[in-house]
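Comments concern the structure below.
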Amino acid sequence: MSQAGGTLKGERTPIGEVASFDGGLVEVGTGAWAWIQPNGGLGESNAGLIVGAGESLLIDTLWDARLTETMLTATEPVTAAAGAPIRTLL
12 MSQAGGTLKG ERTPIGEVAS FDGGLVEVGT GAWAWIQPNG GLGESNAGLI
62 VGAGESLLID TLWDARLTET MLTATEPVTA AAGAPIRTLL
């Protein structure tokens, strides 16, 4: 399982709580990624990324523009390496 970006266990979450697990972009299957934010409370939303042949699908955006930008920064190396930029948002 691969992981990139996000909050590490013990660091503060976006709402100031101590993270109970690592967050960020986690590969959950071939071409399937989850953006997770500990501890899953209000404002600590999750999203998905499906990397396909020549394009990717982003499932959901996050709570605000700042969190979304952090997530998009973490997804860029994954989508770039696959030659599959995000083309669709669900």
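Going by our numbering, the sequence shown opens with residue 12, and the numbers climb by one from there. Think of the CB as a built atom: it goes at the ideal place given N, C-alpha and C, for glycine as much as any other residue. Please read these numbers as outputs of a predicted model, since none were measured by experiment.
So, under 8 Å CB-CB, residue i and residue j are touching, yes? Tell me the CB distance rounded to an integer number of Å.
i	j	result
I70	L36	With 8 Å as the limit, I70 and L36 do not qualify as a contact, their Cβ atoms being about 13 Å apart.
V62	W46	Going by Cβ atoms, the distance from V62 to W46 rounds to 13 Å, so no, they are not a contact pair.
A58	T72	7 Å
P49	S31	5 Å
By the DSSP assignment, the beta strand (DSSP E) with residue i in it spans what residues?
i	result
T24	Taken as a continuous stretch (DSSP letters only), T24 belongs to no beta strand (DSSP E), as it is neither H nor E.
T99	I97 to L100
V37	G35 to G40
Go ahead and pull the three-state DSSP assignment for residue i.
i	result
E66	coil
L60	strand
Could you spell out where the alpha helix (DSSP H) holding residue i opens and where it closes?
i	result
A43	Looking at the DSSP string, A43 is not in any alpha helix (DSSP H); the run it does join, the beta strand (DSSP E), is A43 to I47.
Quickly, what does DSSP pair residue i with across the bridge? List them, please.
i	result
V89	V89 is not bridged to any residue.
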